[in-house]
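*Asks:*
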Amino acid sequence: MLDFPQWKVWSIAATIFFGFLFAAPNFLTEQQAASLPSWVPSKQLSLGLDLRGGSHLMLEASTDDVRKTKLETLEETVRSELRQVPGGAVAFTDMSTSGGQLSLVVTDPARIDAAVEALRKVTQPIGGLGGARDVEVTVAGDSRIVLTETDAGVAASIDNAMAQAVEVIRKRIDELGTREPTIVRQGQNRIVVQVPGLQDPAALKALLGKTAKLEFKLVDVNADAAEVAAGRAPPGSQILPMLDGGSIAVRRRAIINGDQLVDSQVSQDQNGSPAVSFRFDSTGGRRFAQATRDNVGKPFAIVLDGKVISAPNINEPILGGSGIISGSYTVATANELAILLRSGKLPVELKVVEERTVGPDLGADSIRAGTIAAIVAVLAVSLIMVTVYGRFGVYSVIALIVNVILILGVMSGAGFTLTLPGIAGLVLTIGAAVDANVLINERIREEQRKGRGVIPSVEVGFRDATRTIWDANSLNIIVAVIMFIFGSGPIKGFAVVLSIGIATSVFTAVTLVRLMASRWLFKARPSVLVI
Amino acid sequence: MPLKIIPDNTNIGFVRARFIAFALTIALTLGSLALLYTRGLNLGVDFVGGLTMEVEFKAPPPLDALRAKVDSLGVGTSALQEFGSPRNILIRLPLPEGEQGAVQKVVAKVQNGLKSGYGEVMFRRTESVSGKVSAELIESGIWAVLLSMAAVALFTWIRFEWYFGVSTVVALVHDVIVTLGFFALTQLEFDLNIVAAVLTIIGYSLNDKVVIDDRIRENLRKYRTMDIGPIIDLSVNETLPRTVMTSVTLLAALASMLLLGPDVIFGFTAAMMLGIVVGTYSSIFVSSSLLISLGVKSRAAPEVANAERVVRR
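So the protein lines, in turn, are chains A and B.
For the first sequence, full-length UniProt numbering assigns the number 1 to the initial residue and increments by one for each residue that follows.
For the second sequence, full-length UniProt numbering assigns the number 1 to the initial residue and increments by one for each residue that follows.
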């Protein structure tokens with residue numbers, strides 16, 4: 001137990017060396033750490049939002065929305081496909097969507113096979129075995145075609161929508177100019193956004209909470225005003241609310257939408273009030289020109305997220321591919337809209353389901369208080385250990401300090417985040433480390449009482465205590481891992497530190513202390529050990 | 001000369017005192033359950049959903065006036081609480097119903113309302129959790145606790161014997177219930193951090209029990225002819241210095257966290273300190289003595305013979 005072959009000594013020394021190396025950047029300022037040569041570890045410990053201040057938002061997409069949007073797109077596709085069936089358009093009636101199904105009745109039952117074949121072509125295969133497709137096309141009776149979304153298809157579109165949403169959110173947050181935001185998907189339909197250093201998340205939430213779906217639709221000028229007021233739209237039209245009150249009937253089909261926007265900036269309208277300018281890409285520009293040329297003299301509605309911002313008349317064809325949206329904007333709201341349009345629309349509406357914001361001063365207070373408390377804790381523990389165990393107490397204290405530095409090193413090097421519960425975990429780890437030494441030292445005392453000599457007592461003390469320490473710590477590791485897997489937020493932060501701490505504390509409290517003890521025993525050859 | 005917190009070779013009759021200990025344990029457990037039933041836990045927004053704001057005022061605001069002010073904003077009934085200092089107030093509000101953005105509106109309303117009423121105020125922290133998320137957090141919290149317990153039982157069963165598993169889990173359940181009872185009594189806010197604390201208490205208390213169980217197993221092997229009662233007494237006494245020393249040291253570390261650490265972890269540290277006291281108590285008085293009640297015998301019993309094989313391997 002007390003023999004240390006040379007290789008063991010070297011590997012212990014190497015472990016400690018690397019731990020210190022990885023912990024070292026934390027003792028430098030940020031600039032110093034950044035100016036280190038690239039082969040030296042320079043990563044500093046990342047602090048959780050609860051310590052540094054900032055905003056944590058959890059956004060949730062409604063999976064029903066994704067289904068609905070998908071079904072709407074499907075409806076569009078079906079209409080256009082059936083128009084283009086080889087051998088002439090297939091006429092149909094009674095098209096309806098409900099419960100994830102779209103059904104329609106083909107007017108001429110003789111054409112049903114041609115229609116089904118055309119529709120099957122638009123279904124997308126989903127990766128994986130069995131050749132599953134996103135939509136199933138079935139025939140009911142002799143003239144009804146039913147398109148059903150498959151579960152795999154829905155899952156794939158949710159997946160897709162979320163991946164897009166993450167990208168859009170990233171663009172929007174980058175526009176805010178904040179430092180190192182974290183944007184990660186969580187589970188099937190959630191996105192967690194963490195922005196350090198942001199004290200007021202209102203602007204952030206305003207940016208993330210809007211879909212920003214921009215559409216240009218023709219106003220249905222033939223709609224009867226009384227019918228519109230009653231909320232009844234003529235076929236092919238829909239009633240949309242106006243931003244400044246009232247409602248208006250517009251054609252369902254958008255002449256163009258915001259997908260083809262390439263840029264959007266704050267500008268001014270002819271009265272000098274803030275407005276938002278936009279520019280289409282070349283295809284979008286051509287389509288916009290075409291659409292405006294065909295509809296000169298008619299009003300068109302600028303629709304944002306289902307609300308009509310304004311419905312100006314097309315006085316002349318708009319050929320340059322750019323335009324301006326004016327309304328009752330302030331510079332701030334115009335800027336917000338410009339950002340939203342620039343970064344593209346969210347494929348799905350997102351709701352904030354959890355928000356945690358910590359002001360930077362509270363974070364700073366927490367760091368200060370946490371650090372002071374941790375130092376006092378180490379001092380108190382050291383004092384007790386040295387008073388009770390003398391020389392072996394000093395060894396434990398050295399091991400304890402090495403332990404804290406190793407934890408710091410592992411956390412910095414591996415990029416884990418230290419949170420407030422993490423600091424508490426650190427304290428508990430100190431406890432575990434102390435416990436290991438207490439176990440060893442008490443065992444040595446016991447052996448000495450039994451009348452054993454110094455070296456055999458220490459030998460047996462380490463051997464017997466080590467078994468118990470392993471038992472106890474493997475159990476603790478199990479609990480920590482369960483906490484990490486099943487816990488959320490603060491529990492995870494705690495579990496990370498605890499797991500790392502248990503590993504390093506067994507190493508320092510058992511192995512390192514044993515090495516120090518054996519060096520001393522073989523050099524000094526004490527005849528009495530006061531412990 | 002090094003100091004000894006516990007004198008050498010203590011010989012306290014823990015086993016003889018077990019009926020008193022059992023009675024006390026049952027009383028503590030039932031008392032805690034009664035408290036949980038009557039007063040309930042002061043669940044934080046993590047678990048019930050809602051909104052919390054920590055606000056720092058220039059001068060300590062009169063709570064009644066502040067409550068009236070917040071309630072007049074039409075954002076639901078508020079609950080106010082001093083947080084760390086009389087100038088820091090924690091405002092709890094129910095989560096507003098309705099479409100998204102409702103929370104922001106409430107936050108803005110409160111912020112504007114307080115700014116106009118009290119001048120310079122600082123909003124140190126805002127947390128809002130929707131009902132759905134909070135339900136999930138409860139679920140994951142309960143799972144984490146139950147799974148830890150199950151893992152503990154399984155591990156002690158494999159590593160030791162089934163009755164060690166049973167006695168350990170019984171003692172752990174006691175520790176957890178008493179800790180929860182403490183939160184029901186003090187009405188300290190029970191949030192996710194506290195669940196972490198409860199898990200830690202399980203881990204720590206476990207540590208204690210494993211150390212004693214280890215020693216019992218060792219002594220069962222060493223003193224084959226001794227009765228189980230004296231063996232348990234011997235083992236608990238032998239490990240007593242370690243049990244007390246570790247608890248005292250940890251309590252010292254936690255006390256510094258409690259007194260000097262940030263206010264946010266006050267409840268957490270308080271829970272841990274209590275848990276350590278309770279855990280130490282249950283390790284010394286409950287879990288090992290329970291082995292007798294579980295019918296464990298020395299030597300003659302086949303289970304013990306089994307235990308020896310495990311040890312010898």
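A virtual CB, placed ideally from N, CA and C, is assigned to each residue, including glycine.
Looking at the C-beta of A300 of chain B, does it have a partner C-beta in chain A at a distance below 8 Å?
*Replies:* Here residue 300 of chain B refers to the residue found at position 300 when the second sequence is read from its first residue. For A300 of chain B, the predicted structure reports a pLDDT of 45, less than 50, and the residue's modelled location is therefore unreliable. A value from the coordinates is still provided. For A300 of chain B, the answer is no, since every Cβ of chain A falls outside 8 Å of its Cβ.
*Asks:* Looking at E136 of chain B: is its Cβ nearer than 8 Å to the Cβ of E446 of chain A?
*Replies:* Stepping through the second sequence from its first residue, residue 136 of chain B is reached at position 136. Stepping through the first sequence from its first residue, residue 446 of chain A is reached at position 446. No, these two residues do not count as a Cβ contact at 8 Å.
*Asks:* Does any residue of chain A have a CB that is nearer than 8 Å to the CB of A305 of chain B?
*Replies:* As a working note, residue 305 of chain B is residue 305 in the second sequence. For A305 of chain B, the predicted structure reports a pLDDT of 44, less than 50, and the residue's modelled location is therefore unreliable. The matter cannot be settled from this model.
*Asks:* Under 8 Å, Cβ to Cβ, is there at least one residue of chain A near L137 of chain B?
*Replies:* Within the second sequence, numbered from 1, the residue matching residue 137 of chain B stands at position 137. Chain A, which has a Cβ nearer than 8 Å to the Cβ of L137 of chain B, makes this yes.
*Asks:* Excluding sequence positions up to five away, which residues of its chain have a Cβ less than 7 Å from the Cβ of T123 of chain A?
*Replies:* The residue given as residue 123 of chain A occupies position 123 in the first sequence. Taken in chain order, the residues that qualify are R133, D134, V135 and V137.
*Asks:* Any beta carbon from chain A within less than 8 Å of F268 of chain B's own beta carbon?
*Replies:* Here residue 268 of chain B corresponds to residue number 268 of the second sequence, with the count starting at 1. Yes - at least one Cβ of chain A is within 8 Å of the one on F268 of chain B.
*Asks:* Kindly give me the distance between the Cβ atoms of L51 of chain B and V106 of chain B, rounded to whole angstroms, as I take these residues to be in contact under 8 Å.
*Replies:* Within the second sequence, residue 51 of chain B is the residue found at index 51, counting from 1. Within the second sequence, residue 106 of chain B is the residue found at index 106, counting from 1. Yes, they are in contact, since the Cβ atoms of L51 of chain B and V106 of chain B sit about 6 Å apart, within 8 Å.
*Asks:* Are the Cβ atoms of I177 of chain B and G267 of chain B separated by less than 8 Å?
*Replies:* On the second sequence, position 177 is the one that residue 177 of chain B refers to. On the second sequence, position 267 is the one that residue 267 of chain B refers to. For I177 of chain B and G267 of chain B, no; Cβs fall outside 8 Å.
*Asks:* According to DSSP, is N26 of chain A helix, strand or coil?
*Replies:* Indexing the first sequence from 1 puts residue 26 of chain A at position 26. Three-state result, N26 of chain A: helix.
*Asks:* Any beta-carbon of chain B closer than 8 Å to the one on L475 of chain A?
*Replies:* To locate residue 475 of chain A, count along the first sequence from 1; it is residue 475. Closer than 8 Å: yes.
*Asks:* Please name the residue or residues paired with M122 of chain B in a DSSP beta bridge.
*Replies:* Sequence index remark: in the second sequence, residue 122 of chain B carries index 122 (1-based). Bridge partners of M122 of chain B: B:E56.
*Asks:* By how many angstroms is the C-alpha of V146 of chain A removed from the C-alpha of A165 of chain A?
*Replies:* For the purposes of this step, residue 165 of chain A is taken as residue 165 along the first sequence, with counting starting at 1. For the purposes of this step, residue 146 of chain A is taken as residue 146 along the first sequence, with counting starting at 1. In a straight line, the C-alpha of A165 of chain A is about 30 Å away from that of V146 of chain A.
*Asks:* Are the beta-carbon atoms of A163 of chain A and V266 of chain A separated by less than 8 Å?
*Replies:* Within the first sequence, the letter at position 163 stands for residue 163 of chain A. Within the first sequence, the letter at position 266 stands for residue 266 of chain A. Going by C-beta atoms, A163 of chain A is not nearer than 8 Å to V266 of chain A.
*Asks:* Just to make sure I have the definition right: I need the residues of chain B whose C-beta is within less than 9 Å of the C-beta of R449 of chain A. Which are they?
*Replies:* Within the first sequence, numbered from 1, the residue matching residue 449 of chain A stands at position 449. Going along chain B in sequence order, the residues near R449 of chain A (Cβ under 9 Å) are D8 and N9.
*Asks:* Whose C-beta lies closer than 6 Å to the C-beta of Q187 of chain B among residues of the same chain, with five residues either side of it excluded?
*Replies:* Position 187 of the second sequence holds residue 187 of chain B. Only N42 meet the Cβ criterion.
*Asks:* Using only the alpha-carbon positions, how far apart do residue 589 of chain A and E139 of chain B sit?
*Replies:* Lying outside 1 to 531, the shown extent of chain A, residue 589 of chain A is not represented and no answer is given.
*Asks:* Should T246 of chain B be flagged as near chain A, meaning a C-beta pair shorter than 8 Å?
*Replies:* Numbered from 1 along the second sequence, position 246 holds the residue referred to as residue 246 of chain B. Yes, T246 of chain B lies at the interface with chain A (some Cβ there is under 8 Å from its Cβ).
*Asks:* Using only the alpha-carbon positions, how far apart do L33 of chain B and G40 of chain B sit?
*Replies:* Residue numbering aside, residue 33 of chain B sits at position 33 when the second sequence is read from its first letter. Residue numbering aside, residue 40 of chain B sits at position 40 when the second sequence is read from its first letter. Straight-line Cα distance between these residues: approximately 9 Å.
*Asks:* Quick check: what's the CA-CA separation for G413 of chain A versus L406 of chain A?
*Replies:* As a working mapping, residue 413 of chain A is identified with position 413 in the first sequence. As a working mapping, residue 406 of chain A is identified with position 406 in the first sequence. If you take the alpha carbons of G413 of chain A and L406 of chain A, they lie about 10 Å apart.
*Asks:* Look at L214 of chain A and I169 of chain A and say whether their C-beta atoms are less than 8 Å apart.
*Replies:* Locating residue 214 of chain A in the first sequence gives position 214, where the first residue counts as 1. Locating residue 169 of chain A in the first sequence gives position 169, where the first residue counts as 1. The answer is no: Cβ separation not under 8 Å.
*Asks:* From the beta carbon of V310 of chain B, is the nearest beta carbon of chain A less than 8 Å away?
*Replies:* Within the second sequence, numbered from 1, the residue matching residue 310 of chain B stands at position 310. Its pLDDT being 44, under 50, V310 of chain B is placed unreliably in this model, and the coordinates cannot settle the point.
*Asks:* Residues of chain A with CB closer than 7 Å to the CB of R193 of chain B, please, in chain order.
*Replies:* Translated into the one-based positions of the second sequence, residue 193 of chain B becomes position 193. Correcting the residue identity first, residue 193 of chain B is Asn in this sequence and not Arg. Result: P421 and P490.
*Asks:* What number of angstroms, rounded off, separates the C-alpha of G131 of chain B from the C-alpha of P96 of chain B?
*Replies:* Residue 131 of chain B sits at position 131 when you count from the first residue of the second sequence. Residue 96 of chain B sits at position 96 when you count from the first residue of the second sequence. For G131 of chain B and P96 of chain B, the distance between alpha carbons rounds to 10 Å.
*Asks:* Would R124 of chain B and E82 of chain B qualify as a contact pair, given that the criterion is a beta-carbon distance under 8 Å?
*Replies:* Numbered from its first residue, the second sequence carries residue 124 of chain B at position 124. Numbered from its first residue, the second sequence carries residue 82 of chain B at position 82. No. Outside cutoff.
*Asks:* I need the straight-line Cα distance from I5 of chain B to L240 of chain B, nearest angstrom please.
*Replies:* In the second sequence, counting from the first residue as 1, residue 5 of chain B sits at position 5. In the second sequence, counting from the first residue as 1, residue 240 of chain B sits at position 240. Taking the straight line from one Cα to the other gives about 10 Å.
*Asks:* Kindly list, in the order they appear in chain B, the residues whose Cβ is closer than 9 Å to that of T292 of chain A.
*Replies:* Along the first sequence, read from residue 1 onward, the residue named residue 292 of chain A stands at position 292. By Cβ distance, chain B contributes nothing, its closest Cβ being about 34 Å from T292 of chain A, past 9 Å.
*Asks:* With a threshold of 8 Å between beta carbons, is V264 of chain B in contact with chain A?
*Replies:* Reading the second sequence from its first residue, position 264 is the one you call residue 264 of chain B. Cβ-Cβ to chain A under 8 Å: yes for V264 of chain B.
*Asks:* At a Cβ threshold of 8 Å, is K307 of chain A touching chain B?
*Replies:* Residue mapping note: residue 307 of chain A aligns to position 307 of the first sequence, counting from 1. Not an interface residue.
*Asks:* Does DSSP classify V276 of chain A as helix, strand or coil?
*Replies:* Locating residue 276 of chain A in the first sequence gives position 276, counting from the first residue. DSSP places V276 of chain A in strand when its eight states are reduced to three.
*Asks:* With distances taken from CA atoms, which of A:D365, A:A23 and A:V219 is nearest G297 of chain A?
*Replies:* The residue labelled residue 297 of chain A in the question sits at position 297 within the first sequence. It is A:V219.
*Asks:* Residues bridged to L218 of chain A by DSSP?
*Replies:* As a working mapping, residue 218 of chain A is identified with position 218 in the first sequence. L218 of chain A is bridged to A:F300.
*Asks:* Report the CB separation of I12 of chain A from V402 of chain A in whole angstroms; it is logged as a contact under 8 Å.
*Replies:* The residue labelled residue 12 of chain A in the question sits at position 12 within the first sequence. The residue labelled residue 402 of chain A in the question sits at position 402 within the first sequence. Not confirmed; about 10 Å, so no contact.
*Asks:* Who does V358 of chain A pair with in a DSSP beta bridge?
*Replies:* If you number the first sequence from 1, residue 358 of chain A lands on position 358. In DSSP, V358 of chain A forms a bridge with A:G54 and B:R125.
*Asks:* Residues of the region 193-221 of chain B in Cβ contact with chain A at a cutoff of 7 Å, in chain order, please.
*Replies:* Cβ contacts with chain A: N193, V195, A196, L199, T200, I202, G203, L206, N207, V210, V211 and D214.
*Asks:* How should F216 of chain A be labelled, buried or exposed, when 16 other C-beta atoms within 10 angstroms of its C-beta is the threshold for buried?
*Replies:* Position 216 of the first sequence holds residue 216 of chain A. Buried, since its Cβ has 16 or more Cβ neighbours within 10 Å.
*Asks:* Using a Cβ distance threshold of 8 Å, determine whether the region 271-282 of chain B contacts the region 241-255 of chain B, with at least three qualifying pairs required.
*Replies:* They touch, by the three-pair rule.
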